[in-house]
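Chains as they are written, first to last, in our numbering: chain A, 345 to 674; chain B, 147 to 672. Note that beta-carbon positions come from the ideal geometry of N, C-alpha and C, so glycine has one too. Right, one structure below, let's go through it.
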């Protein structure tokens, strides 16, 4: 009995000193970031090597679920950093008042658009695109209208439950404005189905349920680099491609403000940015010295980057959603 | 003081506790969301459209599943053949598969690029598309036909062999047997089976969306999802969840009132011999029914097995760790399910209570969790737990408890009739012997309900194994369960490894189900 209590006291003391000496930085992010196959494990290792701290990731569904969780927790949140919001969510995130301004020198970024948001710092970005199998479609459509006029079948995601789904909704709206509803009506007979999330849609595409799937221009890089399969490609649209910029922000009530600033700086460093392309399969927000991994040069490069500013995205999505629903419910 | 039929004091406490836990998880979490709500709330035309579609698909899905289960269960009940038990167990697999796996399996057979269209194409026919309401119904029948069949089969097995012998002596035709033995049994079982499947389909959403072909196929659960993540309007999410409860409650009230009771009396537990069904053409009809159902249910399953076969040996270590975690959660969850279900079922089915307040109040509570929105349960739990403790640290225990409460309706559906029959058949004998309390439970009730108890435990274990559950909402970093790991593999483009993980999940669910189900039948006829 005594032995056990001595042992327990020892452990307690050990735990106490450990927590006293090693500050903990808590980063809330989406689930696929922290998975064994995402960037999380490598990022944790690299940052802990230089920070003398314990970096703890907490996963929460996807970006929208992450924001919902922060709003539920409010000012009592244990998060020091929230990583994984995109520009469709940052307006609501800023409005929540939970985020602190970014620390002073801002890193230079390699984004196709200008970036000067005071609260959120990008760590990666990508273009939405329809991915197809080039052995089955020799000449893919080059615009939404061409796609709508073709017999090609597509799988898309529901904007109400999925981030890429919302991206497509805003893509059509940004590219076609008042004609968006007409575009959706044209696409209605091409859409095999609408799925809850990206995984279902992509899985259905790989199973041969559809000719094309809404994904990213970087998706073919996975097949090329990880599977040595060069049959997948993204179709380039003349309207331009809608962007997703993924960002992180510092929680205003953090008890580790310096450490949080260090993490944000680390996020723009080569060590972080080199991990991104082959784990998150997106473009790094700042090009590392080593450049992009081999295989990325084969990806399409859209001529026009489309993106709503956060406030406009927040305002327009309800209108865009009702157009989408009306056009596809007929 | 009259002799107590059951250890009523203890059972009341345990049953009351179980009911309180269900109420907390189903309604308490809803209350928490309501209290925490900000946002305007209010339901619009799109929500009423979702309500209409939900009612339509759930009613049709339940009616089709139960309707097809009647001939299938009858065929399986009156025809014994080698491999019958294995077939019955195998056919139950769709019910325990994670949605995403089942959908991909179904599409491998019935999809645009599936086997069926391949065959049709070669034969020169136009391809068929299942997307839309047909796809939704196909999937829901695929999921729920096995459950309906098992529930009905249990009803058939509750008719003592002696009744069929008597029927044969009286020269009953198949039609007479149906009228005097099978129909009264179906009248007792069908409403409950319909209700359970209706409630399952009521909250279905990922399947409905994937096979429904577009936003026409919007259910209330999807509207809740939208309110939560697209609008962050918790008032509206809570209102929609309340609406979903109201529908569930209305259907449950009708179904439970509609159900009659059977009075077959006790038997000697001899194997059933069906003299009336021994004719060749009946055999042919039964055989065709069983064959068709087996192909319908097993073909998509085979697709899942074939896709995963080459991958299962090369699965990465985290998948195996997740598998071990899932088995532990499933075992804990099974123990909790039985600990909740047994006292509740005893309370509901105890003599003098079958139409009493216990039955009227406790029985519906037991089914509450089926009409609950998983998203609202998870969110509500989070709101409740967050001020007290770290919900993420509790993710696995919470998952075990929530999974147990989610399996409770099935366990109750299975156990309650069995206990009621045991009481009806042997209760008076036990009373006259002064058998009460735990002795009665040990000597009368448990031996009589061994097989259903094993089935209930097996189902609870398999359901917990395959359910993504609330763990996805709390997502502990190094505490992923197997279904969550499967989703993570898919999200990282690793569809092939995910297929291997799906096969592993299927095998483990099966092994657990088989162990419990077999355990319930072990030396049952000794």
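Taking beta-carbon pairs under 7 Å, can you tell me which members of the stretch 518-540 of chain A lie near chain B?
535, 536, 537, 538, 539 and 540
Taking only runs of the beta strand (DSSP E) that begin and end inside the stretch 435-499 of chain A, which ones reach a length of at least 3 residues, in chain order?
464-477
Closer than 8 Å at the beta carbon, the chain A residues around residue 246 of chain B
543, 544 and 547
Let me check understanding here. Comparing Cα to Cα, which of A:544, A:539 and A:588 lies closest to residue 561 of chain A?
A:588
Whole-angstrom C-beta distance between residue 604 of chain A and residue 598 of chain A, which should lie under 8 Å:
5 Å
Please confirm whether residue 615 of chain A has its beta-carbon closer than 8 Å to some beta-carbon of chain B.
no
Entirely within the stretch 619-645 of chain B and at least 4 residues each: give me those alpha helix (DSSP H) ranges in chain order.
628-637
Does residue 374 of chain A come out as helix, strand or coil in the three-state DSSP assignment?
coil
Comparing alpha-carbon positions, which option in A:544, A:594 and A:540 lies nearest residue 337 of chain A?
This structure cannot settle anything about residue 337 of chain A, because the visible part of chain A is limited to 345 through 674.
Can you check the stretch 189-266 of chain B for any alpha helix (DSSP H) of at least 4 residues that lies completely inside it and give the ranges in chain order?
191-224, 230-237 and 245-256
Quick one: what's got a C-beta closer than 7 Å to residue 665 of chain B's C-beta in the same chain, skipping five residues either side?
For residue 665 of chain B, same chain residues with a beta-carbon under 7 Å away, outside a window of 5 residues either side, are 600 in chain order.
Quick check on the DSSP output: what are the complete alpha helix (DSSP H) runs of length 4 or more inside the stretch 417-480 of chain B, in order along the chain?
426-455
Could you pull the start and end residues of the beta strand (DSSP E) that residue 381 of chain B belongs to?
From DSSP, residue 381 of chain B is part of no beta strand (DSSP E) but of the alpha helix (DSSP H) over 380-404.
Please state the DSSP three-state secondary structure of residue 555 of chain A.
In this structure, residue 555 of chain A counts as coil in the three-state DSSP scheme.
Residues of its chain near residue 359 of chain A, where Cβ-Cβ distance is below 6 Å and the 5 sequence neighbours each way are ignored:
Only weak support exists for where residue 359 of chain A lies, its pLDDT of 49 falling under 50; the coordinates are left without a value.
Excluding the five sequence neighbours on either side, which residues of its own chain have a C-beta within less than 8 Å of the C-beta of residue 376 of chain B, listed in chain order?
Taking C-beta separations shorter than 8 Å and ignoring five residues to either side along the sequence, residue 376 of chain B has no partners in its chain.
Counting only beta-carbon atoms, is residue 330 of chain B nearer than 8 Å to chain A?
no
With a threshold of 7 Å on Cβ separation, who are the neighbours of residue 399 of chain A within its own chain once the five nearest residues in sequence on each side are excluded?
369, 371, 388, 391 and 392
Consult DSSP for residue 612 of chain A and reduce its assignment to one of helix, strand or coil.
coil
Cβ shell of residue 482 of chain B (< 7 Å), same chain only, five flanking positions each side left out
546, 547 and 550
Residue 665 of chain B - DSSP class collapsed to helix/strand/coil:
helix
Measure the alpha-carbon distance for residue 188 of chain B versus residue 355 of chain B and round it to whole angstroms.
Within the model, the alpha-carbon separation for residue 188 of chain B versus residue 355 of chain B is close to 24 Å.
With 9 Å as the limit, tell me which residues of the stretch 553-572 of chain A have their beta carbon closer than that to any beta carbon of chain B; keep them in chain order.
553, 554, 563, 566, 567, 570 and 571
CB contact flag (residue 206 of chain B, residue 522 of chain B, <8 Å):
no
When DSSP labels each residue in this structure, what does residue 586 of chain A get in the three-state scheme?
strand
Residue ranges of each alpha helix (DSSP H) run of no fewer than 4 residues wholly in the stretch 292-368 of chain B, ordered along the chain?
307-315, 320-323, 329-348 and 352-358
Check the C-beta distance from residue 183 of chain B over to residue 381 of chain B and give it rounded, since I have them as a contact under 8 Å.
4 Å
Residue 489 of chain A versus A:665, A:641, A:509 and A:534, residue with shortest Cα-Cα distance:
Selected option, being the one with the closest Cα: A:534.
What residues in the stretch 479-507 of chain A bring their beta carbon closer than 8 Å to a beta carbon of chain B?
497, 502, 503, 504 and 505
Could you name the residues of the same chain whose beta carbon sits closer than 8 Å to that of residue 345 of chain A, not counting the 5 residues immediately before and after it, in chain order?
Residue confidence for residue 345 of chain A is low, a pLDDT of 41 falling below 50, so the modelled location carries little weight; the figure read from the coordinates is stated next. Excluding residues within five positions, none has a Cβ falling inside 8 Å.
Apart from the five residues just before and just after residue 635 of chain B, which ones in its own chain have a Cβ nearer than 8 Å to its Cβ?
465, 641, 643, 644 and 647
Is the Cβ of residue 511 of chain B closer than 8 Å to any Cβ of chain A?
no
Rounding to the nearest angstrom, what Cα-Cα distance links residue 292 of chain B and residue 542 of chain B in this structure?
29 Å
For residue 532 of chain B, go through chain A and note every residue whose CB falls closer than 8 Å to its CB, in chain order.
416, 417 and 420
According to the Cβ coordinates, are residue 649 of chain A and residue 514 of chain A closer than 8 Å?
no
Ignore the nearest five residues each way along the sequence and tell me which others in residue 632 of chain B's own chain have a CB closer than 7 Å to its CB.
244, 644, 647, 648 and 651
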